[in-house]
Structures are given as C-alpha cells and as structure tokens.
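In this note's numbering, the protein residues as written are 1454 to 2051. All C-beta atoms, glycine included, are put in the ideal place defined by N, C-alpha and C. Keep in mind the model is a prediction, meaning the values are calculated, not measured. The next block holds one structure in the form of structure tokens; read it before the comments.
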C-alpha cells in the first residue's frame, strides 16, 4: 500500500479518536459508561481471568462493581483517568494497559508533574547495605543546568522520609501493575520523577524532599513539582523536526522495543500502525500469523515519554545507559562476522579464552532479523567457537513465530514446544476459520480446520479458554528442520532479567525446558500470552490492551505472573549500575568451564 494511502488512513483514525474529545467535565453517566465498556471487554476477551482469581483472589466481576460505583462519584477528569488505570491494572498483568487516544492533541487536556530529570532503578551499597535507589539519568529540556540541586549521576534513596522502594510500590505501582514485584519496581522507577495525569494521580504536594547521595555524601534536597500542560511540555521536549516518512527504522531492534525505553520514550506507534495496513485479503488470510507476529510483545504507549525520545532530550546518553555492558576480562572485542546487523561480537581475553556474544533486545517480526541470527549461529560454528553468551536483558518480546524459529536454530535436535490456551472469542475462532478457508496450502487449511473443530467443541462445552494447543499451529512446519544449530559441546549462557517479557519469557522457557543452555540473571517478568488492542471506549476514547491467550511451558507451567526462574541467580537491578558485570562474568565463567554447572 502506498505511503500516501497509509497516511490518509492514519489521519482518518486520528480524526476518529478526536471526535469524542471530552473537552468538558465528564458526567457521572459518562464515566460509568467508559468503565462498563472496559469490563465488558474484559469479560468477553480476557484469557487469564480464572488464573488471576486463583493466584491473587482477583474477581473481575467484583472489581467491576467496585470501579463502576467509584466512577459514579463526583471527581475531576484527571481523577477519573487515574481511577481507570488503577481499575484495569487490578489484574496484575504485564500486557494489560489503557491508553487515552486523545492524549497530547489539544492543550488544557492533561498535565504533567516532573522534577526536571528522568530516573531509573538501581541499587547502591550504602552504609554496607545494598539499598534501593533511583539514579538520575538526564535532565529535561528547560531544566538543564549545572547548578540544579540534583544532577545526572546522583542517587535518590528516600522521598519525604520514605524508602524509595516504598514510594514506588505505594504511589506508582497501582497504576502500572505488571504482576511481578521486581518488574514493578524497575518499571515504576521510570515514572518516579515524571508523572502524567493521563495515567496516574499527580502528586498532591507542591514539593518533595529527596535524600540524595552524590560521591558518597548524603544531602537533603527539596524540589518543587513542576506542573505543566501536557501539550506544552511535549512540544518543548520535541521541537518540530522534518522527518523522512520513508525511513521507518533499521533492522536491529530499535531502542523503543525495550520496555524501559518505552517507559522513557513511548511506544513507536507510527511504524506499528502503518505496518498493520495491508490489503484486505492479506489481512484476513494472515490473521493467525499476524497475532503471533505482533502480539507477544510489551506495548504500552505514553506520549510524554515518546516526546522525550524524539526531542532534544539527551537520548544518546540514555541509550548508552540502557545498553551498556561490561565484558569480563576482554582483551579484544571484534565483529563476529562481516557487517553484522545485530550486536554480534567475538571476545578474546588476555588469558586465552574466546567466546561469542550476541545481544537480542527484542524479537522483531521480520524474516531479515532471523536470517541475521542464523548468520551469527553459522559464524560461531564456522569459527569453532565453543563458548557463547546470549544477552536478552531488557528484551521486550515481539514475534512468537520469529522467536521460535530462532530457538530452533540453537541446537540440532527437536524442541519440546510450549502450548497455548486461547480465550474462546470471535478473534481467535474467526482467525483460524479464515486460515481453514484461505490458507496458503492444503495442509495448513487442514491443520486450521482441526483447530476450529477443537475450539468449537470447547465452546459447546461451556469453556471460556480452550484446551491446550501446540504453538506450532500458528506457524506449521517451520520448526521441523533440525539441520541447523550448534553442537551440544558448545556451552551457551543466556542473560535475562525482570524486564525480559512476553516472547522473551517464552524463549527463556524453551531454553530451560530443552536444556539449550543456562539461564543467568533474574526471574523474567511473566507476560504469558499475546496482547490484543480493543478500541475505543465510548466517551474518553481509551484503547484497552488485553491478554487473550495463555502460554504453558512444555514442563506444564503457566508463564503468566510466574515468568522463568534462571538456573543461576544474579541481582540484575543491583548489577545494572556496573553494566551487568556480575552476570556477564558468571556467564563467561560458565561457558568457559571455569565453574561447575549449577
């Protein structure tokens, strides 16, 4: 489809989103209508409902009753936005989110409150004790001054006399709850110093007292909360720039696929939106694969954060901070093969060890990315490298199809595959029905017919989620080539942390269940299914993202909220400050046979 047509569709969608702009104060009836819409979507589409009730005692019907009652009470529009976010995040799900689609379009619609800088979670050794902190990363445009009381590189360990972890947990997590405590703290840390009335309550106080550590010295600093109009703030951070609409990104996973980068910079919505426009026939026939390619990712949108990424804000320093790594005892670091399109290095140490290092920061739905990964695997085999470190730190997921194809390339043997249960709704049933009718091959049609039959049987039996289906029904025959891969004498370590989510969760489970290598790091986030967007609420134009399937590991465990526990544990939040040196060193020692297998 030509770009001009795509852009006209984009304009039409934006116009549709704006036509219901709540310029006036919402009435009680309007707030109730929006809240009821959200829970109607939940009741008919949310896959983990019974699991959440079992694990957390979350009864969605009871939550709806409470939230509708609260929505009917007198409140401002901003207060309703905060209530909406709290209500949808009661389910503690990494994939669930609500985005107000009018955000940032008009002035005097929403506000931001900030302290003049961005922050990210870390831990520091304070008085001999590992202490939770947020590190000041960069100053915002308009607040850049070397004499500001808090500067990049400072650490904040308390706010208003409360430990920073307590502040994050109590004040921010209820609005973003991911369902995994470590993930919650890390993600919430990005919102400590920058809050938007679109998705959480703004601070009630005019100022905040911070306990700041700089160069080993502690001081008390009181700063004002700077409250600004959302549109004015985003325009200041993102001055008008000419853009080439033809350049939609490069092959390596872009920074915005990182969940932490999304928290700072916002989801790159334009590329995803334009990529979704296909011919009607292609869109229908490719329905199942489209879900598998686009649905297993972390996708939350915040216009404030996106403004920071595209503006004059020091994105270079932030990018370096998020991707900085400390290679252990590296004598030399060179490209693994000529002109790699992904981070692929061969590292040689001064004491004679050699290992390959690959960084997978997401699983893009692009065949070129899989081909590039195959080049890296082939180069490792050709150079007879026997030690490999695969870095999946902060991996925000992506395409289940492409991620599984990559996992299939790791070893020359069949994989034990995860299975999935899907929410028995029209989205999944009709997706498989279209493949059954118009699939590319007779075999694919037959497989899809079998799935449709099974789903209909489950619906007739009154089930809300299906019996387990092998995930290869999403991409038949692609995981049956066992000729590619590394020999079993090649040791592989995989680095994961609390921000590894969705397809990264799944990939980690496949590694562990198939003994493809050793997982090192921290328990993954536990985003255990695909995310589907529902648009739009009748009054406030919320878009609601929900989990509509559940992934079950081949060992029989739900990934949702459980994640994957590494074989060798490292405190990755504490290790971030040193470029993950402890995790990388543990990986180096393991793959070079200098430590026993855990």
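Under the three-state DSSP convention, the category residue 1677 falls into: DSSP places residue 1677 in strand when its eight states are reduced to three.
Beta strand (DSSP E) segment containing residue 1608, residue limits: Its beta strand (DSSP E) spans residues 1608-1612.
Sequence ranges, alpha helix (DSSP H) only - wholly within the segment 1767-1841, length at least 4: DSSP assignment within the segment 1767-1841 yields the following whole alpha helix (DSSP H) runs of 4 residues or more, N-terminal first: 1768-1776 and 1820-1835.
Complete alpha helix (DSSP H) runs within the segment 1879-1922 (minimum length 4 residues, chain order): Taking only runs of at least 4 residues, the alpha helix (DSSP H) segments lying wholly in the segment 1879-1922 are 1879-1891 and 1895-1913.
Residue from 1788, 1918, 1976 and 1949 with nearest C-alpha to residue 1498: The shortest C-alpha separation from residue 1498 is found at 1918.
Selection from 1904, 1895, 1782 and 1614 that minimises the alpha carbon distance to residue 2039: The shortest CA-to-CA distance from residue 2039 to any of 1904, 1895, 1782 and 1614 is the one to 1782.
Pairwise C-alpha distance: residue 1865 and residue 1922: Computed Cα separation, rounded: 24 Å.
Residues near residue 1840 by beta carbon distance below 6 Å, same chain, minus five either side: Excluding sequence neighbours, residue 1840 sits near 1808, 1944, 2044 and 2045.
Selection from 2029, 2034 and 1992 that minimises the alpha carbon distance to residue 1554: Looking at the Cα atoms, 1992 is the closest of the given residues.
Under the three-state DSSP convention, the category residue 1483 falls into: Residue state, collapsed to three classes: helix.
Simplified DSSP assignment, three categories, for residue 1876: Look at residue 1876 here: in three-state DSSP terms it is strand.
Beta-bridge pairing of residue 2001 - partner residues as DSSP gives them: Bridge partners of residue 2001: none, in fact.
Cβ-Cβ distance between residue 1999 and residue 1516 below 8 Å: Going by C-beta atoms, residue 1999 is not nearer than 8 Å to residue 1516.
In chain order, each beta strand (DSSP E) run of at least 3 residues that lies wholly inside the segment 1982-2028: Those beta strand (DSSP E) runs which fall completely within the segment 1982-2028 and span 3+ residues are 1984-1988, 1995-2000 and 2002-2005.
First and last residue of the uninterrupted beta strand (DSSP E) at residue 1527: Annotation for residue 1527: no beta strand (DSSP E) segment contains it, and DSSP assigns it neither H nor E.
Minimum C-alpha distance to residue 1805 - residue among 1829, 1832, 1827 and 1838: Minimum Cα-Cα distance from residue 1805 among the listed residues 1829, 1832, 1827 and 1838 corresponds to 1838.
Residues of its chain near residue 1625, where Cβ-Cβ distance is below 6 Å and the 5 sequence neighbours each way are ignored: Cβ within range, chain order: 1641 and 1644.
Check whether residue 1951 and residue 1572 have beta carbons under 8 Å apart: Not in contact: residue 1951 and residue 1572 (Cβ atoms no closer than 8 Å).
Between the CA atoms of residue 1547 and residue 1534 - distance to the nearest angstrom: Looking at the two C-alpha atoms, the distance is approximately 19 Å.
Meets three-Cβ-pair contact criterion under 8 Å: the segment 1809-1818 and the segment 1849-1860: With the cut-off at 8 Å, the segment 1809-1818 and the segment 1849-1860 touch.
Residue 1877 beta carbon less than 8 Å from that of residue 2067: Here the chain comprises residues numbered 1454 to 2051, so residue 2067 is not present and cannot be evaluated.
Span of the beta strand (DSSP E) around residue 1648: From DSSP, the beta strand (DSSP E) with residue 1648 extends over 1647-1649.
Three-state class that DSSP yields for residue 1577 in the structure shown: In the structure shown, residue 1577 sits in a strand (DSSP, three-state: E or B).
Reference residue 1618, options 1637, 1632, 1591 and 1602, closest by Cα: For residue 1618, the nearest C-alpha among the options comes from 1637.
Span separating the alpha-carbon of residue 1529 from that of residue 1583: So the two alpha carbons sit approximately 41 Å from each other.
Cβ pair residue 1978, residue 1988 closer than 8 Å: Cβ atoms of residue 1978 and residue 1988: not closer than 8 Å.
Cβ neighbours of residue 1912 in the same chain (closer than 6 Å, five flanking residues each side left out): So the list reads 1877, once near-sequence residues are dropped.
Per DSSP, the bridge partner or partners of residue 1570: For residue 1570, the beta-bridge partners assigned by DSSP are 1592.
For residue 1669, the first and last residue of its enclosing beta strand (DSSP E): Per DSSP, residue 1669 belongs to no beta strand (DSSP E) and is neither H nor E.
8 Å contact criterion, which residue 1789 and residue 1798 should meet: CB distance rounded: Cβ-Cβ separation between residue 1789 and residue 1798: approximately 6 Å, consistent with a contact (criterion under 8 Å).
Buried versus exposed call for residue 1635 [16 or more other C-beta atoms within 10 Å across all chains shown]: Buried: at least 16 other Cβ atoms inside 10 Å.
Burial state of residue 1882 (16 or more Cβ within 10 Å): It counts as buried.
Cβ contact check for the segment 1960-1969 and the segment 2003-2016: 3 or more pairs under 8 Å: As far as the Cβ criterion goes, the segment 1960-1969 touches the segment 2003-2016, which means the pair count is three or higher.
Assigned exposure category for residue 1578 - 16 Cβ within 10 Å defines buried: It counts as exposed.
Proximity of residue 1551 and residue 1538 at Cβ, strictly below 8 Å: Yes, these two residues count as a Cβ contact at 8 Å.
The segment 1559-1567 touching the segment 1661-1673, judged by at least three CB pairs closer than 8 Å: In short, these stretches do not touch, since the Cβ pair count stays below three.
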